[in-house]
Structures are given as structure tokens and as C-alpha cells.
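So the protein lines, in turn, are chains X and F. In terms of the working numbering, the first sequence is residues 37 to 272. In terms of the working numbering, the second sequence is residues 7 to 392. Idealized CB from N, CA, C, for every residue including glycine. Since the model is a prediction, treat every value here as computed from it, not as a measurement. What follows is one structure encoded as C-alpha cells, with my remarks underneath.
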Amino acid sequence: MESIIKVSKLSQKMGRRILLNEISFEVFPGECFGVFGTRGTGKTSLLHILAGLDRFTSGEVQIMGNNIRKSDKFKRDLGLVTQEKSLFRDLTVNENLDFIAALKQASRADISEMIESYELNEFLSEPITALDTMGVFQRLSLACAMLNRPKILILDEIIKDIDLYSRNLILRELQKYQAEGGTCVCAFSNIDFCKYMSRIGWLEGGEVTLYEAEDARAEWSRQEKLYKEQSGNYHV
Amino acid sequence: MFRQSRAIMRREISYMWRDKGLRNILLFGSLLGLLLFAGVYSHQRLDNIPTAIVDLDKSNASQEVITDLKNSENLQIVTYPDDFVQLKELIEKGEVIVGIVIPENYGKNVALHRQTRVGVVIDGSNMAYATNASSAVLTVTRSIGAKIGISTLIAKGIEPNQAQEAYQSIEFREDSWFNPTTNYAYFLVLAFAVNIWQQCCTLASCMNVIGEKGVSSWMQIRSSGVSVWKLFICKSFVHIGAFMLMILPVYFLAFEVFKFPLACGWPAILLFTFTFAICLHSLGTVMSSAAGNAVDSTRFGMVIALPSFIISGFTWPLESMPQWFQPLAWFFPQTWFFQGINYLTFKNPGWEFMYRYFLILGLMAILFYSVAALFTHGITTFFRRG
């Protein structure tokens, strides 16, 4: 099968610090590819490069056959949920949906469908700064990302620290999206979320190691046990 | 395609409208400025300048001088101190601006056709007062001098007609053009209000690029693949439109209500202001693309916007600035604008003269937008987090 995302020898430097050091991997259509790592390992940087937000130092990234250094065409088929709250703070829920739909050239029907799917009806007139739970905000973020019915979804810590209701709703919609052939690249820092991924790219020290979901979980347990022993049973 | 543009423009309008601080400054800043300045300069000229006369002579001749001074249009005799020391105290306390000292033996010297000297003291600590006082005193002293000169000639046996002709053989008739009553309000009020407007516009333009790139919602715009040019053009269209809407009530009040001079007519002033608004927007865009954050951008804007009015040569002639500085002043669009608006409102010198003002403001706009494009393209904002 031909890959939908192909990353070859990608490097990213920040000042003198090497954040990503010639990493390579491929993501295939219909896959949910997890980018796992602890804080500061370069997950967000990698996702921002894939979404075409940041330039990179060297290497090549191809998305749906487009070299992203040369073309922005892939963005038409892209949905993005960032770790940082990136919706328009001066607009209400409805206005955010409306404006992002216009940017992505999505239809009115798409907006209605997203409002329905992500149960946003009761929040429509609220300014997004007034949304009291992170869960609702993430539902809205995902709804906005899905407006253009993207082929690739890039999600950064989407279900971290949110209420269970919103988490289940988001997971349900993501399952539906994948069942329809969508591809996800999903960054997370809680190993328990491995179970939702097809494969894992584990980022550490600028390198990426690829695992099957269960293998990643096993590797985490092994390291946890090792460090526990090294520290004389003091739990980290 | 138009839906995208419409949405971007609508959002920009709502952004400007919902930001209460920005909205109030844009809507009311220059308007309040105009009303305030119009109130301050409502008297339009400086008259009734408080004057004191020290009459050390107490003769008929000195009384004649006092009467002439009393009849002066702009001087108001408020007190008669006994001596020079008292006069000095009054001037130091700010109670009088002009002091006239008529010396002892003034009447006698005049009668004997001897040269005599009347002292005139003017408080120079307030330039506006001093200039006006000096001109008012000059008018009175000139006429007194002429009167005494004629009577001296008559006393020397010259016929009264001949004596008068001798003194008035050359008539210097003052005829002040474009602002015949040298009305301060005509000269300053509009310029001050427009200065507030241009400062508001510069500061608002300083948010053009950084206002988007400096906030996290820039990621939504960037990932949507919308063309940066489309975004820029739509936002700029709204900004420049808003700038023009802001100046309309100011011009309406100035030209239609307060009846300030508008020699060039409405179309020319609006076209000139529109050209300047584009140029100002381009200048703000340079600041906002060069700055690392919104605060820096505002600082850059203030550095340009605040002193530009003084540098423009409107209140202090460019020709009186240091030689090396004069070419520098012409690098500011505000200099072209304030000079141009003075020509247009008072004189209307015609297209053959004014076209260079339009042309240079237009060329500056092209230059500034190009520099802004270079900055925006060249400076990569990295959102590197992990």
C-alpha cells in the first residue's frame, strides 16, 4: 500500500538544540498513527511540520504525494487540532464554525452536521473564552478540524485531561472517521492512550522508534520497572 | 472564493468592533480631538492682551499716547503701575503681558521736537502671546510715531498736506491671503484633529500582521491553506475603509459645521486623505511585520506617529529646521500629508502642483508594502513545542 505521509530524514533544530534528528517514517491510509513522547521531545514540532505550520531544517516530507516545502495543496485535505487553544478567541462557537468553514470552503450543511455530531447546539452563542470545560472546547476544535472532511487529521493531545463524556464522544467520532477511511496522526504523552492507535512512533532524544501499540505499552512497562529498581523502589 | 473574502472581512470588522478600547479610540478619538481643539480655539485670535502703562510724565502728550493705546484693537489696559519695579512684578506674576513705560519729560521732548523713547516690555515666556502682543504694539506705536512726525514737520514750517504726504508717500498695505483674519482655529484645529486620526490609524495598522501571526489562531489560518495575499488584501480593505469612515465626521464637522476653509472641495480632500490612509496603512504594516510581538509593534508605531506632526513642518517651518534634517523630514508620509492638506484647504494650487504629493504618497505605500512583504516572507515564525 502506498503511504499517505512519508517523512524522510527530517531534522529540526531550535537554536543549537536538535529537536528531530533525521527521523523517517511512513503513515498509511486509514491508520491512526500515534506520536508518543514525554514533554519536550518534539511531538508538537513534528505535528506542526506535518500540518505545514512550521518550516524545518532539512529532510523531506511528502503528504499525499506533495512535497510540503513546495506545495500547500495538501492543506485542503487536512484537519488540525492543536495542543494550544487556537480557535478565534474574539468569536463565539457558532462564529468560529462559520469562519473556519469559510476558510476551508466547507458548506453550511457541513457546519450543521458537525454541530449535531459534536453536540454543540447549546453552546453556539457562547464566546469560546466562556466555555467552561476543556472537553467542550476540544469537541469544538475537532468539529472545526472536520469541517472540510479531511483525509488526514492531525491531533495534538486531544483527549488529555478532558471530561469522560467528551472523551467518549471524541473517540466515537474518530472511530467513525477511521471507519470511513480517514487517517490520523495523534500526539499523546499518556501511554494508556496507545490502545487507540494502530502504530506508535516513540520520540526520544530526537530519534523515532516505531512500535506496534502493544509493544509500546510493554516497552513503557519495562522502562518503568527498570527505573523503579534503579531508584530503590521509590516510585517515580 | 468571494465567500472566503467576505468571511475574512466580516471577521475583521467584528474584531475591530468588539475590541471596545480600539473601537472607542477609532470612533471618538479624532472627533473628540476636533471638538476639544475647536473649543480651545473658539475665540479664533488673541485680543484683549493685558497691558499696563507706567506714565512717568503725566502730561497731555502722554495722555494722548494712553488714549491711542486704549483704542487699540488687541490691547486691553488693565492697570497703571507707579513705576518700573511694579510693572516688573506684574509681568513676573503673569498679570500683564505688555508694559508701556512713558518716560519723564516725554511731553516736553515731543513739544521741543527732541528725540524721545517710550519703553515697551513684552513677556516672551509665552510665544503665542508675545508674537501677537508685539504685532499689536507695533501697530499702535507706528501710528503714534507717524502722528508726532507729521506734527514735527508742520512745526518746521512744512504745510500740513505736504507733511502728511511726506509721511505717507509709501503706503504699506497689509493684505493677509488665505486666512485674512489670521484665524488660529482655521490653521490649527483641523490639523490637530487629523494628527490624532493619523496616530490612531498608525497604531491600528501596527496590528495588521502581528495581530494575526502573534496569536495562536494563526495556526487555524495557516493550516486552512488560505492565501496569505487574500488574507492581507481583505484585512487591509477593511482597515483603510475604517480609517476613511473615521475621518468623514471630522471633516464634516470641520468644513460644514465650523466652516473651516476648504479651497479644494470635497472630492480632492477625500482623494488626498484616501491616498494618505493607504500610505499610513503600509507604514503600520511594515512595523507589524518587522516586530516580534504586538507590544513592540505598537512601540515602533508610536515612535513614528507621535513626533511626525512636529517633524511635518506644519507648526514650525521645515525651512527653519537644521539643513541636514530637512531631507529626513520628507521621508515621513505625514510631512507630505500635513503640507499637502495645508495647500489644499487654504490655497488649492491645482493638480499641476499637487500631483507630486499624491505620487510620492503612492510610491511610499508601494515601497512600504514591499518591505513588509519581504519581512513577512523572510521572518519565519517557528512554533516549536514538544
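Within the DSSP bridge table, the entry for F:Gln82 names F:Pro56 as partners. Listed as beta-bridge partners of X:Ser44 by DSSP are X:Glu96. Sequence-distant partners of F:Asn189 (beyond 5 residues in either direction) whose C-beta falls short of 8 Å from its own C-beta, in its chain, are Gln50 and Arg51. With the rule of 3 Cβ pairs closer than 8 Å, the segment 200 to 211 of chain X does not count as touching the segment 85 to 98 of chain X. F:Gly319 and F:Pro333 have their C-alpha atoms spaced approximately 12 Å apart. Within the same chain, Cβ atoms closer than 6 Å to the Cβ of X:Ile59 are found at Leu46 and Val244, the five residues on either side in sequence being excluded.
Scanning the segment 180 to 240 of chain F from its first residue to its last, the whole alpha helix (DSSP H) runs of 4-plus residues come out as 190 to 211, 216 to 219 and 224 to 230.
The continuous alpha helix (DSSP H) containing F:Ala134 extends over residues Met133 to Ala161. By the beta-carbon neighbour count (other beta carbons within 10 angstroms, threshold 16), X:Met37 is exposed. According to the DSSP secondary-structure assignment, X:Glu62 is paired through a beta bridge with X:Lys42. Around the beta carbon of X:Glu265, fewer than 16 other beta carbons lie within 10 angstroms, which makes this residue exposed. Of all alpha-carbon atoms in F:Asp302, F:Ala297, F:Asn185 and F:Val256, the one lying nearest the alpha-carbon of F:Ala269 is that of F:Asn185.
In its chain, beyond the 5 residues on either side, Phe364, Leu367 and Gly368 have a beta carbon closer than 7 Å to the beta carbon of F:Thr281. Listed in chain order, the positions of the segment 212 to 225 of chain X with a beta carbon within less than 7 Å of a beta carbon of chain F would be empty, since no residue qualifies. Per DSSP, the unbroken alpha helix (DSSP H) holding X:Leu207 starts and ends at Leu200 to Ala215. DSSP, read as helix, strand or coil, puts F:Pro87 in coil. For the options X:Ile190, X:Pro186, X:Leu205 and X:Phe159, the alpha carbon positioned closest to that of X:Glu216 is the one of X:Pro186. Between F:Pro56 and F:Val84, the C-beta gap is smaller than 7 Å, which places the two residues in contact. Using a Cβ distance threshold of 7 Å, F:Phe264 and F:Ala13 do not count as a contacting pair. F:Arg29 has no beta-bridge partner at all, per DSSP. Using a CB distance below 9 Å, the part of the segment 119 to 139 of chain X facing chain F consists of Gln119, Glu120, Lys121, Ser122, Leu123, Phe124, Arg125, Asp126, Leu127, Glu131, Asn132, Asp134, Phe135, Ile136, Ala137, Ala138 and Leu139, ordered along the chain. Chain-order list of chain F residues neighbouring X:Leu46: empty, with the shortest C-beta distance near 13 Å, by a criterion of under 7 Å. Annotated three-state conformation of X:Leu114 is strand, per DSSP.
Assigned with DSSP and collapsed to three states, X:Phe72 falls in strand.
Per the C-alpha coordinates, the member of F:Leu237, F:Pro328, F:Tyr349 and F:Thr187 positioned closest to F:Phe8 is F:Leu237.
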